[in-house]
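Engineer: Heads up: the protein sequence lines correspond to chains Y and X, in order.
Position 294, counted from 1, in the first sequence is what our numbering calls 286; the numbers after and before it change by one each time, with no gaps.
Position 186, counted from 1, in the second sequence is what our numbering calls 178; the numbers after and before it change by one each time, with no gaps.
Note that the Cβ used here is the ideal one computed from N, Cα and C, for glycine as well.
My structure is below; once you've seen it, I'll send some questions.
2 protein chains.
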Amino acid sequence: MIESDELLSIRAAELYYEEDKTQDEIGSILALTRWKVGRLLAQAKASGFIRIEIVHPRARRLPVERRLRETCGLADAIVVSTSGVDDQEELQSRTAQAAADYLATLRPVPRTLGISWGRTLDDVSRHLEDGWASGVDVVQINGGVSLNRRAGTAASTAVTIAQKAGGHATLLPSPAILERLETKRAIESDRAVAAVLDLASGADAYLFSAGTADATSVLVDSGYLTPDDVSELVRRGAVGDVVGRYVNSNGAIVDPRLDERTIGLPLESLRAAQLSIAVIAGAAKHAVARAVVGSGLCTVLVTDEETALHLIENHPTVQDSEDHA
Amino acid sequence: MIESDELLSIRAAELYYEEDKTQDEIGSILALTRWKVGRLLAQAKASGFIRIEIVHPRARRLPVERRLRETCGLADAIVVSTSGVDDQEELQSRTAQAAADYLATLRPVPRTLGISWGRTLDDVSRHLEDGWASGVDVVQINGGVSLNRRAGTAASTAVTIAQKAGGHATLLPSPAILERLETKRAIESDRAVAAVLDLASGADAYLFSAGTADATSVLVDSGYLTPDDVSELVRRGAVGDVVGRYVNSNGAIVDPRLDERTIGLPLESLRAAQLSIAVIAGAAKHAVARAVVGSGLCTVLVTDEETALHLIENHPTVQDSEDHA
DNA sequence: GCGTTCTTTGCTCATATGAGCACGCGCAGT
DNA sequence: ACTGCGCGTGCTCATATGAGCAAAGAACGC
């Protein structure tokens, strides 16, 4: 029964899916009633013999999204299909596209959107369509405009997103990390900076990415940290950075001294936010993604299938809550 | 239109196939009429965005079979799925299984079945179920019983197939290739041998495989030919052997002198047969498969998907008919 | 500007499919 | 043997889907 029924269900599936026969026709071919065929087909599906895949760069993985939402307690999850993706480039692009799509269809439309900056966010900004919303103001939530070697990327990301929505951008005129705590305090209390930070903390939604904790980080690239600094952070458990702040696998700040010199929205504000969207893709970022999701830094995650599955596997339900400072 | 419709059809497909929504539900989600959704879905399928695959060791590829039948003018074609097959072993086994299944469901049941011998055929015999038919007599169509190193494989193949069908086996008591033409003639005219050959030429159906033209061939393994002999044959265009006879890519005999010393059914008998089933699998046998199919040696081919696609690509419609002798 | 033609849209209707149910068969306990 | 239970089977009926069609709309030439 088990054996022969399995084979029959395969034959039925071949005729149904590959030959577009009706269940009735299959019935007469295999000498079965059409109800039996229906059950065989259901059985084949249930046993996982039928694999249906949607192959398209814009395809999403709804079942994975659901699982991700459920196991990680996210308000929403966007998972892009990873099938047939050869290079990281493509994967980044697909994810950014998905994030752009998500933003564009977001309801209610946020009046102010707080964003970080970096390669990923810039990618999102470029994938957004002109007129994706009307009148969304964009605020930077962490510093880093001027020092960035690829001058203006951070600024242009914000400006592009705002322009395409017919709103205007507010930049955070400050470095990402200051060398001395006093300088940081001084800058922070500067009226212009304080106003932006204030605006940022009141944003309706946040959109940010995360960086890996290695020498390829934008913070290294921009000269805020040396590769050695990063190595030391890694030694102390850093898995990546979120809006310029290095966190360990529990999502806790790795180096409070460094963090104190970092300008921008504190991570707690992200955690408290009604809507904070993280865009994280690629195998290199699995660890940060886990930290971000596990520690409640985002309510919505946009990612690739592989990363999503990784997160589900290692269900990032925080086991130990805090780390030693 | 093209752009937005494509995206919509992907969204619809996700909801339909991955979330098991009804077209009507999708309609209300995407703000479309259910007919539009239906069309979008049809479009997605037509554009090839929906890939349905049946993952099972016994799964076949009906559409490929159809194409193979049509482009190669075969009476029937059996193509096994190659998805997720790691090793050659598995592929051989799947193909043999399919051949066994095909034999078992063959109608009308042949009264006498002519078979060759070798690893593939032996595999088929082992996959046949006991009682796969009732009263099928089996005849060997080419020599090679005694000399074979793996003693008795050829004989056991025939006997197994016959036994499982409740019929009896007739072996061809002769080497595959004789060293001297006179010996061959003498053996051929021996009453016992002649009777078997006569029986063989009158079989209702033939089942055979093909070997590659290299040192791994069973003919080398059995000591009928030396690796050097084979190299020479290859130099002269041999792509493999069929029932002990080496053919070139047009399916023509490579070395008529050698062929004259080979005992067994001539290839012309296979070509003239009402029903001759070739079982050929594996990348190494693409060339022989092409020769067999292209020169009409079989009316039915059992093979793997990869080989089938190769045959379809290089549609083996015989371009030049005969080769120089 | 106007008619023509081709495409797209929303429909009706026939068909295909799935849910739920009652029957009958086989099996075990008494 | 009898009876109760469980399972697979084939059914009825509601629902989902696809074919075909007429009208609306867009694109084009005159």
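Using a Cβ-Cβ cut-off of 7 Å, state whether residue 51 (chain X) counts as contacting chain Y.
Structural biologist: Within the second sequence, residue 51 (chain X) is the residue found at index 59, counting from 1. At least one chain Y Cβ lies under 7 Å of residue 51 (chain X).
Engineer: What is the DSSP secondary structure of residue 121 (chain X), counted as helix, strand or coil?
Structural biologist: By 1-based counting over the second sequence, the position of residue 121 (chain X) is 129. Note: residue 121 (chain X) maps to coil in three-state DSSP.
Engineer: Looking at the C-beta of residue 54 (chain X), does it have a partner C-beta in chain Y at a distance below 7 Å?
Structural biologist: For this step, residue 54 (chain X) is matched to residue 62 along the second sequence. Yes, because at least one Cβ of chain Y sits closer than 7 Å to the Cβ of residue 54 (chain X).
Engineer: If contact is defined by three or more beta carbon pairs under 8 Å, each pair taking one atom from either stretch, is the segment 29 to 49 of chain X in contact with the segment -2 to 10 of chain X?
Structural biologist: Touching, per the Cβ criterion.
Engineer: Helix, strand or coil: how does DSSP classify residue 9 (chain X) here?
Structural biologist: For the purposes of this step, residue 9 (chain X) is taken as residue 17 along the second sequence, with counting starting at 1. Three-state result, residue 9 (chain X): helix.
Engineer: With three or more beta-carbon pairs closer than 8 Å as the criterion, would you say the segment 268 to 288 of chain X touches the segment 240 to 259 of chain X?
Structural biologist: Because the criterion of three Cβ pairs below 8 Å is met, the segment 268 to 288 of chain X and the segment 240 to 259 of chain X touch.
Engineer: Is the CB-CB distance between residue 109 (chain X) and residue 157 (chain X) below 7 Å?
Structural biologist: In the second sequence, counting from the first residue as 1, residue 109 (chain X) sits at position 117. In the second sequence, counting from the first residue as 1, residue 157 (chain X) sits at position 165. No, the Cβ-Cβ distance between residue 109 (chain X) and residue 157 (chain X) is not below 7 Å.
Engineer: Mind the definition here: the segment 113 to 130 of chain X touches the segment 194 to 212 of chain X only if three or more C-beta pairs lie below 8 Å; say whether that holds.
Structural biologist: The answer is yes - the segment 194 to 212 of chain X touches the segment 113 to 130 of chain X, with three or more Cβ pairs under 8 Å.
Engineer: Give the interface partners of residue 48 (chain Y) over in chain X, defined as CB-CB distance under 7 Å, in chain order.
Structural biologist: To locate residue 48 (chain Y), count along the first sequence from 1; it is residue 56. Within chain X, the residues near residue 48 (chain Y) are 2 and 41.
Engineer: List the DSSP bridge partners of residue 130 (chain Y).
Structural biologist: Your numbering for residue 130 (chain Y) matches position 138 in the first sequence. Paired residues: Y:105 and Y:161.
Engineer: For residue 56 (chain Y), which residues in the same chain have their Cβ closer than 7 Å to its Cβ, ignoring the five residues on either side in sequence?
Structural biologist: For the purposes of this step, residue 56 (chain Y) is taken as residue 64 along the first sequence, with counting starting at 1. Counting only Cβ-Cβ distances below 7 Å, and skipping sequence neighbours, we find 71, 297, 300 and 301.
Engineer: Please return the same chain residues whose Cβ sits closer than 8 Å to the Cβ of residue 19 (chain Y), not counting the five positions on each side in sequence.
Structural biologist: Within the first sequence, residue 19 (chain Y) is the residue found at index 27, counting from 1. Cβ neighbours of residue 19 (chain Y) beyond the five flanking positions: 25, 26, 28 and 29.
Engineer: Expressed to the nearest angstrom, what Euclidean distance is found between the alpha-carbon atoms of residue 290 (chain Y) and residue 176 (chain Y)?
Structural biologist: As a working note, residue 290 (chain Y) is residue 298 in the first sequence. As a working note, residue 176 (chain Y) is residue 184 in the first sequence. Roughly 26 Å between the two C-alpha positions.
Engineer: Check this for me: beta carbons of residue 192 (chain X) and residue 106 (chain X), under 7 Å apart or not?
Structural biologist: Within the second sequence, numbered from 1, the residue matching residue 192 (chain X) stands at position 200. Within the second sequence, numbered from 1, the residue matching residue 106 (chain X) stands at position 114. Taking 7 Å as the Cβ cut-off, residue 192 (chain X) and residue 106 (chain X) qualify as a contacting pair.
Engineer: Interface residues of chain X around residue -1 (chain Y) at Cβ under 7 Å?
Structural biologist: In the first sequence, counting from the first residue as 1, residue -1 (chain Y) sits at position 7. Near residue -1 (chain Y) (Cβ distances below 7 Å), the residues of chain X are 50.
Engineer: Tell me the rounded alpha-carbon separation between residue 337 (chain X) and residue 10 (chain Y).
Structural biologist: As shown, chain X starts at -7 and ends at 317. That puts residue 337 (chain X) outside it, with no answer to give.
Engineer: So who's on the other strand from residue 45 (chain X), going by DSSP bridges?
Structural biologist: Against the second sequence, residue 45 (chain X) aligns to sequence position 53. Beta-bridge pairing links residue 45 (chain X) to Y:43.
Engineer: Relative to the C-alpha of residue 207 (chain X), which candidate in X:215, X:214 and X:219 has its C-alpha closest?
Structural biologist: On the second sequence, residue 207 (chain X) is found 215 positions in, with the first residue counted as 1. Among X:215, X:214 and X:219, the Cα nearest to that of residue 207 (chain X) belongs to X:219.
Engineer: Checking the sheet assignment: what are the DSSP bridge partners for residue 232 (chain Y)?
Structural biologist: In the first sequence, residue 232 (chain Y) corresponds to position 240, counting from 1. Paired residue(s): Y:204 and Y:239.
Engineer: Determine which residues share a DSSP beta bridge with residue 68 (chain X) and list them.
Structural biologist: Position 76 of the second sequence holds residue 68 (chain X). X:292.
Engineer: Hey, how far is the Cα of residue 45 (chain Y) from the Cα of residue 44 (chain X)?
Structural biologist: Locating residue 45 (chain Y) in the first sequence gives position 53, counting from the first residue. Locating residue 44 (chain X) in the second sequence gives position 52, counting from the first residue. Each residue's Cα considered, the two are about 6 Å apart.
Engineer: If the criterion is Cβ atoms closer than 7 Å, does the pair residue 86 (chain X) and residue 49 (chain X) meet it?
Structural biologist: On the second sequence, position 94 is the one that residue 86 (chain X) refers to. On the second sequence, position 57 is the one that residue 49 (chain X) refers to. Yes; because the gap between Cβ atoms is below 7 Å, this pair is in contact.
Engineer: Report the three-state DSSP secondary structure of residue 209 (chain X) (helix, strand or coil).
Structural biologist: One-based indexing of the second sequence puts residue 209 (chain X) at position 217. If DSSP states are grouped into helix, strand and coil, residue 209 (chain X) belongs with coil.
Engineer: Looking only at C-alpha atoms, which of Y:253, Y:184, Y:187 and Y:154 sits nearest to residue 171 (chain Y)?
Structural biologist: Within the first sequence, the letter at position 179 stands for residue 171 (chain Y). Among Y:253, Y:184, Y:187 and Y:154, the Cα nearest to that of residue 171 (chain Y) belongs to Y:253.
Engineer: Taking all protein chains shown into account, do 16 or more other C-beta atoms lie within 10 angstroms of the C-beta of residue 266 (chain Y), making it buried, or fewer, making it exposed?
Structural biologist: For the purposes of this step, residue 266 (chain Y) is taken as residue 274 along the first sequence, with counting starting at 1. Label assigned to residue 266 (chain Y): exposed.
Engineer: Given that a residue counts as buried once 16 or more other Cβ atoms are within 10 Å of its Cβ, and exposed if not, what is residue 16 (chain Y)?
Structural biologist: For the purposes of this step, residue 16 (chain Y) is taken as the residue at position 24 of the first sequence. Exposed is the call here.
Engineer: With respect to the alpha helix (DSSP H) encompassing residue 281 (chain Y), which residues constitute its N-terminal and C-terminal limits?
Structural biologist: Locating residue 281 (chain Y) in the first sequence gives position 289, where the first residue counts as 1. Where residue 281 (chain Y) is concerned, the enclosing alpha helix (DSSP H) stretches over 278 to 286.
Engineer: Measuring CA to CA, which of X:293, X:174 and X:134 is closest to residue 66 (chain X)?
Structural biologist: Translated into positions along the second sequence, residue 66 (chain X) becomes position 74. Selected option, being the one with the closest Cα: X:293.
Engineer: Please name the residue in X:235, X:255 and X:305 whose C-alpha comes closest to that of residue 272 (chain X).
Structural biologist: What you label residue 272 (chain X) is simply residue 280 of the second sequence in a count that begins at 1. Ranking the options by Cα distance to residue 272 (chain X), first place goes to X:235.
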